[in-house]
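One line per chain: the protein sequences are P and B, in this order.
The first sequence begins at 47 in my numbering and counts up by one.
The second sequence begins at 13 in my numbering and counts up by one.
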Amino acid sequence: EPEVTQTPSHQVTQMGQEVILRCVPISNHLYFYWYRQILGQKVEFLVSFYNNEISEKSEIFDDQFSVERPDGSNFTLKIRSTKLEDSAMYFCASSGEGQGYEQYFGPGTRLTVT
Amino acid sequence: KQEVTQIPAALSVPEGENLVLNCSFTDSAIYNLQWFRQDPGKGLTSLLLIQSSQREQTSGRLNASLDKSSGRSTLYIAASQPGDSATYLCAVRDKFYFGSGTKLNVKP
Numbered sequence: 047e048p049e050v051t052q053t054p055s056h057q058v059t060q061m062g063q064e065v066i067l068r069c070v071p072i073s074n075h076l077y078f079y080w081y082r083q084i085l086g087q088k089v090e091f092l093v094s095f096y097n098n099e100i101s102e103k104s105e106i107f108d109d110q111f112s113v114e115r116p117d118g119s120n121f122t123l124k125i126r127s128t129k130l131e132d133s134a135m136y137f138c139a140s141s142g143e144g145q146g147y148e149q150y151f152g153p154g155t156r157l158t159v160t
Numbered sequence: 013k014q015e016v017t018q019i020p021a022a023l024s025v026p027e028g029e030n031l032v033l034n035c036s037f038t039d040s041a042i043y044n045l046q047w048f049r050q051d052p053g054k055g056l057t058s059l060l061l062i063q064s065s066q067r068e069q070t071s072g073r074l075n076a077s078l079d080k081s082s083g084r085s086t087l088y089i090a091a092s093q094p095g096d097s098a099t100y101l102c103a104v105r106d107k108f109y110f111g112s113g114t115k116l117n118v119k120p
């Protein structure tokens, strides 16, 4: 069964460093999303992406964040200058057209900023 | 702003029991509602999606209902098993809001 994959599973970085989180969505999906979950808190929406453009973003997704689909398979989230409060689990999701745009999630990348 | 609430926050039941998890939302103008399960330290597994025009969806021992007018959804789990132990999340899509989840423990 097709699935969303994410790399790395765990990333440790120092405050102020740039990180890139990678996702490979399900191959025939057209809509891509990033979410984060701070330990013990709700899953929070960051951004949605369609047709090579951001279609929606939350107030969390400020200028420190960017997304890119550099080729036909990868979808990346970049954090330019990480802060301690960026430590969280980051989930990528994708959905296709039809079936109500059901979202399928990857296993997540745990980002730890020290 | 949409607020999604899940009650109870935690639930412990003996194996075999039927149970109901609740999800409520404040703005009825939703596109769809999706139920997920999350195992500790893992990603989210989609269980059921109900579109705004639908009233319920069923998959195996799971049945989810949606009442948009009252801002409620329920997830019914029949004949619970220890393998059902996980956190169950509901999410409404207008702008992708999640509830905080119900942590379910099914005791053998």
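We put the beta carbon where it would ideally sit given N, CA and C, even for glycine.
As the structure is a computational prediction, the values presented were derived from the model and not from experiment.
Shown here, PRO26 (chain B) sits in a strand according to DSSP, grouped into three states. Secondary structure note for PHE78 (chain P): its beta strand (DSSP E) is the uninterrupted segment 77-83. Along the stretch 93-117 of chain B, going in chain order, the ones with a CB nearer than 9 Å to a CB of chain P are LEU101, ALA103, ARG105, LYS107, PHE108, TYR109, PHE110, GLY111, SER112, GLY113. The beta carbons of ILE62 (chain B) and LEU74 (chain B) sit no closer together than 7 Å. Taking all protein chains shown into account, LEU116 (chain B) has 16 or more neighbouring C-beta atoms within 10 Å of its C-beta and is therefore buried.
The DSSP-derived three-state label of ASP79 (chain B) is strand. Cβ-Cβ distances below 8 Å link ARG105 (chain B) to ILE42, TYR43, ASN44, LEU45, GLN46 in the same chain, with the five nearest sequence neighbours on each side left out; the list follows chain order. Residue pairing by DSSP places SER58 (chain B) opposite B:PHE48 in a beta bridge. For LEU61 (chain B), the neighbours in chain P by C-beta distance under 9 Å run, in chain order, GLN145, GLY146, TYR147, GLU148, GLN149.
The beta carbon of ASN34 (chain B) sits closer than 6 Å to those of ILE19, THR86, all from its chain and outside the five residues before and after it, given in chain order. Not a single CB atom of chain P sits nearer than 7 Å to the CB of LEU45 (chain B). A straight-line Cα-Cα distance of about 9 Å links GLY28 (chain B) and VAL118 (chain B). For SER64 (chain B) against TYR150 (chain P), the beta-carbon gap comes to about 20 Å, at or over 8 Å, which does not count as contact.
Counted as a single uninterrupted DSSP element, the stretch harbouring MET61 (chain P) is not any beta strand (DSSP E), since DSSP gives it neither H nor E.
When only Cα atoms are considered, ALA103 (chain B) and GLN50 (chain B) end up about 13 Å apart. If you look at ALA98 (chain B), you'll find it in the beta strand (DSSP E) that goes 98-105. Taking each of B:ARG84, B:SER40, B:ALA21, B:PRO52 in turn and checking the Cα distance to LYS13 (chain B), the smallest one comes out for B:SER40.
Put simply, of P:ARG68, P:ASN98, P:MET61 the residue whose alpha carbon is nearest the alpha carbon of GLY152 (chain P) is P:ARG68.
Residues of chain P whose Cβ lies closer than 8 Å to the Cβ of SER58 (chain B) are, in chain order, GLU148, GLN149, TYR150, PHE151.
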